[in-house]
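Written out below as structure tokens is the structure these notes cover.
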Ligand code: SF4
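This is the structure:
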């Protein structure tokens with residue numbers, strides 16, 4: 005298990021967080037709980053980064069993201085939190101994208117994305 009180092013990923017050297025859509029809701033509702041110490045620390049650090057840099061780029065990805073990468077249920081780049089979890093998780097991601105009017109592989113500022121989630125009622 006490892007904590008992800010948030011590195012520049014854009015061509016201009018700026019940082020870009022890869023986040024799967026339903027994790028935007030997990031970020032919004034995070035209360036310090038999680039699957040492991042590393043997972044919680046990693047998620048808390050990502051949230052700190054977003055708060056410190058509200059214009060940071062977020063790249064929407066329907067798949068393993070910065071948060072999954074420190075999760076004990078991430079096996080071979082797939083979610084194994086339960087039997088056939090990947091399908092259920094992908095459906096949550098698709099639903100979240102629809103609700104927030106986001107597109108897979110597109111990049112948005114964190115402030116833009118979280119202004120959209122703040123109007124949503126469901127949580128992960
Ligand atoms: S691997 Fe699954 S349970 Fe773990 S953070 Fe990713 S989506 Fe969530």
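Numbering (the numbering used here), first residue to last: 5 to 128. Positions of the beta carbon are idealized from the N, C-alpha and C atoms, including for glycine. These figures come from a predicted structure and were not determined experimentally.
Distances taken from the Cβ of residue 89 to the heavy atoms of the ligand SF4 include one shorter than 7 Å. Considered as a whole, the segment 91-126 harbours 114-121 as its complete alpha helix (DSSP H) runs of no fewer than 4 residues, in chain order. In this structure, the C-beta of residue 65 stays at least 7 Å away from each heavy atom of the ligand SF4. Per DSSP, the beta-bridge partners of residue 22 are 63.
One Cα belongs to residue 115, the other to residue 79, and the distance between them is close to 31 Å. Residue range 41-56 is occupied by the alpha helix (DSSP H) that includes residue 54.
Collapsing the DSSP output to three states places residue 36 in coil. Secondary structure of residue 75 (DSSP, three-state): coil. In this structure, the ligand SF4 has a non-hydrogen atom nearer than 7 Å to the beta-carbon of residue 71. Here the alpha carbons of residue 105 and residue 72 stand approximately 23 Å from one another.
A residue is called buried once 16 or more other Cβ atoms fall within 10 Å of its Cβ, and residue 25 is buried on that count.
Excluding five sequence positions before and after residue 43, the CB atoms of its chain that fall closer than 6 Å to its own CB belong to 74 and 75, given in chain order.
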